[in-house]
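Residue numbers (the working numbering): 4 to 559.
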């Protein structure tokens, strides 16, 4: 089998103007980035705003494993498959971060014959959105430090600075550092740290803002520090909003590309789901719903993280109402959850499946709490056995949800026709009634415990002394009505990565809590989760290269 990048290079792409024409978008309403990429112009939305919304499908997954579940592959493949059966479908995805592309993943544009393309452009820089977000974030950080250096009129306490610089790269050495060393002209010495760009509040704000005015209002509410008498200091107080928004004026525009089968793909924003809210931009999703009959989108990592945040944060804030959930699983991942190691994934093992399928079962139960019809998409491998497929199919049917075997990695859209038909059938289910997990006015502590108990299956929640104090402070500041963004390991339903399957008898340990006042949610850091990842021992960057013709190799 050819590599993903070989397949992408051999694809027959349409000019992006042709893709736009398929969506009835005038050439004056897109801004070109070469032959195969474009941004939507600001002029587009007024022309489509009154269009009827299409149906919205969320693709999510079981907890990720070293085997890889292929969630983005299934998302792209389902979009292609829906078009194969005659539906007008669009794919709406997040932009990949450079961190995992050079770290573990080596790319995040789908795989095989279910990819969004041009894949190397998408994985590396794309249209510069993440760089603009990074620059806007670091401009605010620079203006904050400059204000203190230039006299500190706002009486900011340098020991109580909350805002961090960011960079779209995995670099563990930047987690904790000291800045301002050198002398009187080099700033005020203090402790500092970086987060990865996809965990920054500016990223979250861009992805939740409806327009430039909403963006500016949200930016102005970012709490950067406290004064010496404890009052919050915001980006608005520093007069940073206009300059930040100027850097983001193009980044806020959704991007248009295509899949290998020329299905339109709107790609925009990219917060991680383990440390941020894990969804593409509200603007991208709203545009897609006005341009197609069916929109296929995804949320990051497993349903305990990405799907929960898609529903309880993105849908709550935007008014979006999904119509169906697709839950991706593989036999390899389920056997891994059943205790089988890498070397045994290729062999049939029904006993391991019986032990590991409970992870799938918990995610099905969780999605049912939101009132949506569910289709389990089993992403097939050649090493799977028919007996394994039948066991999982029957398990899903017994759980009361639809099931489809998918082979989009090898066959593209044709390999997803069974899934597409099941999704269309689910969209005709009139009994679906979307609902949120908790109400706005529930106290923050109860929101955290509701997510921990209902979604993760925890017995309870423990808090560090600092987290408990901050929780009270956030409530006192008037942010108690905010939803909660749980920062938790993606590898387990618990906050301990090694607890696989469906763990029981555990507690969720919240060590830190802070408010993202501009984004509009409260972040709870659990376990040992980090907002600045590190590179693995052998990073994907070791094999990525470019030749004299500008052709990139090594992206998976």
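Note that CB positions come from ideal geometry on N, CA and C, so glycine has one too.
- In the structure shown, residue 114 adopts extended strand secondary structure according to DSSP, grouped into three states.
- Remark: C-beta atoms of residue 311 and residue 440 approach each other more closely than 9 Å.
- Pairing residue 129 with residue 401, the inter-Cα distance amounts to about 44 Å.
- Inclusion of residue 22 and residue 376 in the CB contact set at 9 Å is not warranted, their separation being larger than that value.
- For residue 491 against residue 530, the beta-carbon gap comes to about 7 Å, under 8 Å, which counts as contact.
- For residue 301, the enclosing beta strand (DSSP E) starts and ends at 297-301.
- Residue 58 has 297 as its beta-bridge partners, per DSSP.
- Residue 360 holds the alpha-carbon nearest to the alpha-carbon of residue 336 among 360, 486, 287, 260.
- Runs of the alpha helix (DSSP H) lying entirely within the stretch 217-298 and spanning at least 4 residues, in chain order: 244-251, 285-294.
- For the pair residue 455 and residue 461, the Cα-to-Cα distance works out to about 5 Å.
- Between the alpha carbons of residue 346 and residue 384 lies a gap of roughly 15 Å.
- Residue pairing by DSSP puts residue 34 in a beta bridge opposite 42.
- Membership of residue 332 in the beta strand (DSSP E) is indicated by the continuous run 327-332.
- When the five nearest sequence neighbours on each side are left out, the beta carbons in the same chain lying within less than 8 Å of the beta carbon of residue 535 are those of 173, 174, 175, 177, 178, 196, 197, 198, 199, 202, in order along the chain.
- Bounds of any alpha helix (DSSP H) do not take in residue 381; it lies within the beta strand (DSSP E) bounded by 377-382.
- Under the DSSP assignment, residue 105 falls outside any beta strand (DSSP E), being part of the alpha helix (DSSP H) whose first and last residues are 101-105.
- In this structure, residue 94 keeps its C-beta atom at 9 Å or more from the C-beta atom of residue 411.
- Cβ neighbours of residue 388 within its own chain (closer than 6 Å, five residues either side excluded): 351.
- CA-to-CA, the gap between residue 233 and residue 469 works out to about 16 Å.
- Around the C-beta of residue 551, fewer than 16 other C-beta atoms lie within 10 Å, and the residue is accordingly described as exposed.
- No Cβ-Cβ contact shorter than 9 Å links residue 559 with residue 214.
- The C-alpha of residue 167 is placed about 20 Å away from the C-alpha of residue 538.
- Boundaries of the alpha helix (DSSP H) harbouring residue 139: 132-152, taken from the DSSP string.
- Scanning its chain for C-beta atoms nearer than 6 Å, with the 5 sequence neighbours on each side dropped, one finds around residue 452 the residues 464, in chain order.
- Between the stretch 214-228 and the stretch 242-250, the count of Cβ pairs shorter than 8 Å is three or higher; the stretches touch.
- Taken in chain order, the unbroken stretches of beta strand (DSSP E) that lie wholly in the stretch 455-532 and span 3 residues or more are 463-466, 487-490, 510-519, 524-529.
- Residue 199: not part of any alpha helix (DSSP H); member of the beta strand (DSSP E) spanning 197-199, first to last residue.
- The C-beta distance from residue 494 to residue 67 rounds to 6 Å, short enough to meet the 8 Å contact threshold.
- Our two residues, residue 438 and residue 288, have alpha carbons roughly 19 Å apart in a direct line.
- Secondary structure of residue 29 (DSSP, three-state): coil.
- With contacts defined as CB atoms closer than 9 Å, residue 391 and residue 422 fail to qualify as a contacting pair.
- DSSP places residue 164 within a strand segment (E or B) once states are collapsed to three.
- Residue environment analysis places residue 52 among the exposed positions, since fewer than 16 neighbouring C-beta atoms fall within 10 angstroms of its C-beta.
- For residue 78, the enclosing alpha helix (DSSP H) has its first and last residue at 74-87.
- Inter-segment contact for the stretch 274-291 and the stretch 312-326 is present: three or more beta-carbon pairs are separated by less than 8 Å.
- Contact check for residue 238 and residue 143: beta-carbon distance about 6 Å, within the 8 Å limit, so the pair qualifies.
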